[in-house]
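Notes to accompany the following structure.
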Amino acid sequence: MPFKNNLILAGIVTAIFLAVSCDALAQIPVETAAGSETIEVTDSTGTKFEFGKAPLKVISTSPAITEIICFVGALDTLMGVTTLCDYPEDVKKIEKIGDINLNYEKILQIKPDVVFIMSGLRAKEKEVLESFGIKAFTLELNSFETVFGAIDTLSKIFNKKVNSSSLSRHLCMIKTEIKKKQKQPIRTVYFETWGEPPMTVGNKSFLNDIMKSAFAINVFSDVDSDNFPVSLEKVMEKNPQYIIMAYPGKTSEISIRSGFSGLIAVKDGNIITVDYNIYVRPGPRMVKGVLDLYNKLYSDKPIDPDKIFSK
Amino acid sequence: MNFKNDGPARVNEATLFALLGLLCFAGVLMSFLLGQVKIPLSEVFNFFFSSKNMMAPFSLYNDILRIRLSRIAVAFITGGGLSLAGVIYQSALNNFLADPFMLGVSAGAALFSAIAISLGLTSSVMITAFAFSGAILSVVFVILISGFKKFSSYNLILSGIALNSFFSSFLTVVMYLSKDMQNIFFWLMGSLTVRHPEQIAYTYIIVAAAGAFVLRYSHMLDILKLNEKTVFSLGVDSAAWKIRFILVASVVSAVIVSQTGIIGFVGLIVPHAARIIIGDRHSVLVPFAFITGGTMLIYCDLISRIIINSMDISIGVITSIVGAPFFILLLYGSKKRGA
Amino acid sequence: MDKKIVFEARNLEYSFEGLSSPVLRNINFSIYSGETIAIVGPNGTGKSTLINLMLGYLKDYRGSLKFFDEEISGWDAEKLAAVRGFIPQENEADLRMSVIDYLRLSKADPARMTSAEIVSILSGMGIAQFADRSISSLSGGESRMVQLAFTLSRKPEVLLLDEPISFLDVSNQKKFFDMIKSDSAQSGTTVVAILHDLNAAAYYADRIMLVCNGEVVKFGTPNEVVNYKTLGSVFFTGGPESPEPAVSKNTGLRAHVVCGGGSGAEIIKTLISCGFTVTAGVLNAGDSDWNLCLKSGIKMAEEEPFKGITEENYNKNVSFIRESDVIAVCEFPLGAGNLKNLRFIEEKGLCDGKTILSGLSGKSGFDYTGGLCAPLVDAINERSLRFSDSSEFRTAIDEIVKSRTGSHL
Chain A
0 MPFKNNLILA
10 GIVTAIFLAV
20 SCDALAQIPV
30 ETAAGSETIE
40 VTDSTGTKFE
50 FGKAPLKVIS
60 TSPAITEIIC
70 FVGALDTLMG
80 VTTLCDYPED
90 VKKIEKIGDI
100 NLNYEKILQI
110 KPDVVFIMSG
120 LRAKEKEVLE
130 SFGIKAFTLE
140 LNSFETVFGA
150 IDTLSKIFNK
160 KVNSSSLSRH
170 LCMIKTEIKK
180 KQKQPIRTVY
190 FETWGEPPMT
200 VGNKSFLNDI
210 MKSAFAINVF
220 SDVDSDNFPV
230 SLEKVMEKNP
240 QYIIMAYPGK
250 TSEISIRSGF
260 SGLIAVKDGN
270 IITVDYNIYV
280 RPGPRMVKGV
290 LDLYNKLYSD
300 KPIDPDKIFS
310 K
Chain B
0 MNFKNDGPAR
10 VNEATLFALL
20 GLLCFAGVLM
30 SFLLGQVKIP
40 LSEVFNFFFS
50 SKNMMAPFSL
60 YNDILRIRLS
70 RIAVAFITGG
80 GLSLAGVIYQ
90 SALNNFLADP
100 FMLGVSAGAA
110 LFSAIAISLG
120 LTSSVMITAF
130 AFSGAILSVV
140 FVILISGFKK
150 FSSYNLILSG
160 IALNSFFSSF
170 LTVVMYLSKD
180 MQNIFFWLMG
190 SLTVRHPEQI
200 AYTYIIVAAA
210 GAFVLRYSHM
220 LDILKLNEKT
230 VFSLGVDSAA
240 WKIRFILVAS
250 VVSAVIVSQT
260 GIIGFVGLIV
270 PHAARIIIGD
280 RHSVLVPFAF
290 ITGGTMLIYC
300 DLISRIIINS
310 MDISIGVITS
320 IVGAPFFILL
330 LYGSKKRGA
Chain C
0 MDKKIVFEAR
10 NLEYSFEGLS
20 SPVLRNINFS
30 IYSGETIAIV
40 GPNGTGKSTL
50 INLMLGYLKD
60 YRGSLKFFDE
70 EISGWDAEKL
80 AAVRGFIPQE
90 NEADLRMSVI
100 DYLRLSKADP
110 ARMTSAEIVS
120 ILSGMGIAQF
130 ADRSISSLSG
140 GESRMVQLAF
150 TLSRKPEVLL
160 LDEPISFLDV
170 SNQKKFFDMI
180 KSDSAQSGTT
190 VVAILHDLNA
200 AAYYADRIML
210 VCNGEVVKFG
220 TPNEVVNYKT
230 LGSVFFTGGP
240 ESPEPAVSKN
250 TGLRAHVVCG
260 GGSGAEIIKT
270 LISCGFTVTA
280 GVLNAGDSDW
290 NLCLKSGIKM
300 AEEEPFKGIT
310 EENYNKNVSF
320 IRESDVIAVC
330 EFPLGAGNLK
340 NLRFIEEKGL
350 CDGKTILSGL
360 SGKSGFDYTG
370 GLCAPLVDAI
380 NERSLRFSDS
390 SEFRTAIDEI
400 VKSRTGSHL
């Protein structure tokens with residue numbers, strides 16, 4: 000009996016502590032760049048950039064970057080986006096400067112102060128842009144850490160007040176809520192990003208981060224990879240409790256697979272489709288993704304989004 | 000290859016087939032045993048021979064074995080069929096660089112399946128049907144174009160290349176404009192996983208029928224390789240026979256491409272290798288190439304399934320990695336022999 | 000007994016697509032059953048085209064070519080195949096297939112011959128040991144024999160051959176044609192073969208068809224066709240046309256030129272232009288000097304091509320010399336065959352009163368007699384005015400003319 004009392008006490012103390020610390024985190028002031036000193040920023044490749052004043056014309060070469068720019072409040076500086084950028088709604092009106100391939104002529108026409116590129120995909124483009132004398136700023140976006148870091152960096156560059164602190168606070172609150180509600184074991188998930196051929200993600204993907212934060216285990220977190228074509232046999236062996244279908248299609252396409260009828264997820268009817276748009280970009284909506292995923296997996300004990308996001 | 004003085008030591012044809020059969024059997028066995036999940040031999044044995052196990056549902060091993068059985072069956076008929084088509088093309092067109100996709104089969108199948116996918120058709124039966132029609136239409140088109148001048152292998156090949164480029168550029172446009180580019184792209188890469196295993200049966204039937212035809216008239220393929228005037232002097236209508244064989248081979252390629260996408264190198268390499276090992280007599284070359292191709296693809300499939308943990312690499316990648324160096328070796332070897 | 004006509008050509012003409020001048024024209028001949036015909040002629044004159052027409056491979060000809068009384072363009076390919084066999088110019092493709100399997104193809108039909116039958120055909124030709132060899136491992140001669148076996152196994156009534164023995168050595172040639180001949184004798188096969196070797200043609204053929212510039216120049220027995228007159232006009236008109244030597248006033252003097260190998264060209268021209276009546280000898284048909292004399296209408300003592308000088312021709316030469324005022328001996332390669340050309344010097348009294356001009360230098364480069372010619376050369380040179388080139392010759396001739404006729408040129 001005393002043991003149980005101690006446990007309750009510990010739980011209450013932890014909750015209070017977490018609540019206070021999360022609030023405290025939100026109070027950290029944002030550095031405002033007062034005066035007209037030049038800002039020195041380093042991008043993810045280690046290149047140093049100097050910004051004398053906040054850039055007036057920028058280009059984004061990736062939907063995730065577009066979302067981040069809009070998130071920090073610099074939508075009005077965005078002069079060029081890709082055809083794949085579709086969030087928020089306003090960006091659809093902005094001039095398109097390419098898709099997988101960049102239209103350099105348009106970019107030159109716009110004469111941007113800086114072009115933001117995502118690391119890994121755009122190494123070649125960076126070289127080409129620099130040869131035209133255009134600043135190419137690389138951002139790494141593959142985890143909460145890097146995404147939040149990028150948000151803060153852009154906030155600094157654009158001299159804005161909005162930074163990642165609200166997001167990290169929300170994330171913190173979600174985690175707290177999860178801890179409060181969780182007394183049962185963590186659920187295993189097979190997160191399918193494509194159907195034909197079947198693909199999933201390993202531990203180098205931001206989706207892995209989302210799953211971790213959402214109190215789920217990615218059955219393929221042992222694989223050192225981002226997105227990869229997966230062996231269905233292995234999926235069967237791992238026997239996940241839940242299957243997330245993060246692409247357009249019907250769940251029956253998965254359940255009908257030969258051999259899948261024996262899987263727990265199929266037997267219990269736990270193949271879940273999600274609004275995959277939230278899950279395809281390592282950007283500000285990742286936090287939303289955590290909550291969305293958690294609520295889908297633990298639909299018996301959902302967390303009310305208003306509880307988190309209205310603060 | 001029971002003839003003297005040419006090539007490696009004189010080996011009985013029967014022995015060669017026996018060795019090949021052994022290799023194939025070993026490949027099949029390994030394909031059942033190995034994969035991302037290791038399955039003990041006893042389970043495999045039970046799967047085949049213990050009737051009650053076959054019926055038992057929800058057994059992980061059985062399920063996986065069922066998947067592997069389907070993969071092996073597809074791999075064998077795909078490799079075998081492509082090699083069969085390859086032998087026929089190479090002999091009928093008298094060109095060692097001919098492959099089953101040459102006469103527009105791949106381009107037609109690719110373009111039409113891309114159209115099907117971008118029209119929103121997701122049913123694999125529909126996509127297959129589109130691909131097949133595209134392939135056959137292309138071949139017929141190629142034969143008609145090249146027939147305007149005097150029918151010759153040279154004209155056929157050129158027309159095929161022209162059509163391939165033409166359709167490929169169309170394909171690029173379709174892929175670019177459609178939002179299903181990823182779907183199309185993956186379809187093109189080739190895959191041995193078929194959604195409806197029953198479709199494999201159709202493939203087997205068609206390839207078997209084609210094989211029967213070719214075997215029945217294998218001596219005609221031999222004759223087509225002789226001097227042009229000799230062929231004429233034998234009273235053989237070489238143009239008519241070439242077209243017959245090409246159509247049969249094209250049906251085989253079309254059926255396979257429409258199901259599994261474009262898997263390269265098999266149809267080009269295996270006929271060569273088979274020729275080197277067993278000689279030019281088609282009555283043995285054709286079956287030997289068929290089994291060799293099927294075996295090769297079984298092994299390639301096995302590699303694609305086990306090479307990286309948890310991953311299932313696209314089969315086209317494996318055949319390229321295995322096939323490309325082999326191809327270079329072949330070219331080098333044939334240059335030395337002065338072919 | 001009236002022999003059947005196998006091939007009959009009337010005004011046969013053929014042009015290749017797009018070319019205005021016909022490759023073959025005005026072709027008329029009849030070939031009878033059981034004959035062995037050789038088609039000969041210089042390269043590129045239409046022999047292959049002719050045999051392709053007879054094969055039935057080219058159908059768009061003008062005129063008429065009948066095969067067993069039916070126009071060959073109307074024959075069904077399979078019916079043709081049943082009665083006629085063909086061996087192309089090329090060896091069989093680089094096939095890795097045994098000879099037995101290759102021979103099995105000759106029937107073009109699954110109802111095949113058994114291995115035993117095939118081996119017996121091969122033994123009949125004396126090549127049973129090839130049975131298991133791969134086609135691609137055969138040498139040129141062996142391959143030809145196998146191709147012959149292939150064709151003969153079909154028991155054709157008519158056999159068409161496009162240069163069957165061109166790349167074979169003599170013994171293989173003999174084997175090949177002996178085989179054909181014996182088969183033909185047994186079965187009455189009609190054989191038409193394009194041959195390059197005139198000797199072979201003369202030896203094996205019943206009749207020879209000489210084709211030149213797209214026309215049949217002569218079609219007759221070997222005797223009629225293979226002589227230097229007929230052949231010379233066909234084969235040996237080649238090379239740049241030497242301009243006809245200009246003839247000035249005839250001086251009434253006669254000169255005989257002993258030459259060969261082109262050595263006499265300038266000399267003869269000079270003599271003619273100086274007004275001499277020229278004779279020459281002994282020249283072999285085909286020699287370039289012979290060519291020149293033929294063109295220029297100069298009388299000669301002629302010999303068969305590549306043959307040694309016969310007594311008869313030697314005497315003819317001597318008589319020419321007897322009639323001449325001047326004898327010009329040029330520097331030509333001396334061999335056992337033409338050494339006799341110098342022997343005139345041994346004839347007593349033959350050269351009295353005549354001027355001999357000698358270009359012989361006695362250099363070993365021209366001596367193919369192993370030194371035997373040396374005494375003759377010396378004997379001639381002792382008695383002659385020596386010249387070393389045509390200008391010296393010219394000068395000497397001028398002198399002679401002046402002195403003989405007492406007039407200037």
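Chains as they are written, first to last, in numbering that gives the first Met the number 0: chain A, 0 to 310; chain B, 0 to 338; chain C, 0 to 408.
Positions of the beta carbon are idealized from the N, C-alpha and C atoms, including for glycine.
With a threshold of 16 other beta carbon atoms within 10 Å, Asn340/C meets it and is buried.
Closest by C-alpha distance to Gly358/C, out of Gly33/C, Pro374/C, Asn380/C, Ala115/C, is Asn380/C. Between Leu110/B and Val173/B, the C-beta gap is smaller than 8 Å, which places the two residues in contact.
Leu160/C is positioned such that its CB atom lies no closer than 8 Å to that of Ala199/C. Here the C-alpha atom of Leu292/A lies approximately 29 Å from the C-alpha atom of Asp98/A. In the three-state reduction of the DSSP assignment, Ala192/C falls in the strand class. Chain order gives the chain A residues near Asn308/B as Val222, where near means a beta carbon separation below 7 Å. Within its own chain, the residues whose Cβ lies closer than 8 Å to the Cβ of Tyr246/A, once the five positions on either side in sequence are excluded, are Glu191, Thr192, Trp193, Gly194, Tyr275, listed in chain order. Interface annotation, His218/B: in contact with chain C, CB-CB separation under 8 Å.
Within the stretch 234-272 of chain A, the complete alpha helix (DSSP H) segments of 4 residues or longer fall at 251-254, 263-266, listed in chain order. Contact between the stretch 161-168 of chain B and the stretch 82-94 of chain B is not established, with fewer than three Cβ pairs separated by less than 8 Å. Only those residues of the stretch 7-37 of chain B whose C-beta falls short of 9 Å from the nearest C-beta of chain A are listed: Gly34, Gln35, Val36. Annotation for Phe212/B: Val247 place their beta carbon closer than 8 Å to its own, counting only its chain and skipping 5 residues before and after. Residue-level contact by beta carbon fails for Ile245/B and chain C, as no gap is shorter than 8 Å. For Asn226/B, the chain C residues whose Cβ falls inside 8 Å of its Cβ are Pro87, Glu89, Glu91, Ala92, in order along the chain. DSSP places Ala264/C inside the alpha helix (DSSP H), whose first and last residues are 264-272. Under the three-pair Cβ rule at 8 Å, the stretch 49-57 of chain A counts as touching the stretch 70-77 of chain A. Among the bridge pairs identified by DSSP, Arg61/C is matched with Glu12/C. Chain order gives the chain B residues near Leu231/A as Gln35, Ile63, Ile66, Thr192, Asp311, where near means a beta carbon separation below 9 Å.
Taking 8 Å as the upper bound for CB-CB distance, Ser142/A and Val71/A are not in contact here, some 19 Å apart. For the stretch 195-221 of chain A, the set of residues with a beta-carbon nearer than 7 Å to any beta-carbon of chain B comprises Glu195, Pro196, Phe219, in chain order.
The Cβ of Glu236/A sits closer than 8 Å to at least one Cβ of chain B. What Phe95/B touches in chain C, judged by beta-carbon distance under 9 Å, is nothing: the nearest beta carbon there is about 11 Å away. The straight-line gap separating the alpha-carbon atoms of Leu356/C and Ala395/C is approximately 8 Å.
DSSP places Ile297/B in the uninterrupted alpha helix (DSSP H) bounded by 281-305. Near chain C, meaning a CB-to-CB distance below 8 Å, the residues of the stretch 274-300 of chain B are Arg274, Gly278, Asp279, Arg280. As DSSP reads the structure, Tyr56/C sits in no beta bridge. With respect to the 8 Å criterion, Leu81/B and Val265/B are classified as neighbours on the basis of their beta carbons. At the C-beta level, Ile302/A and Val273/A stay beyond 8 Å of one another. CA-CA distance, Phe31/B to Ile38/B, rounds to 8 Å.
Per DSSP, reduced to three states, the secondary structure at His169/A is helical. By DSSP's assignment, Lys217/C forms a beta bridge with Leu209/C. Here Ala113/B is near Leu170/B, since their CB atoms are less than 8 Å apart.
Residues of the same chain with a CB within less than 8 Å of the CB of Ile205/B, apart from the 5 flanking positions on each side, are Val250, Val251, Val254 in chain order. Boundaries cannot be given for Val193/B, as no beta strand (DSSP E) includes it and DSSP labels it neither H nor E.
When DSSP assignments are scanned along the stretch 73-132 of chain A, the uninterrupted stretches of beta strand (DSSP E) that are 3 or more residues long and fall wholly within it turn out to be 77-79, 113-117.
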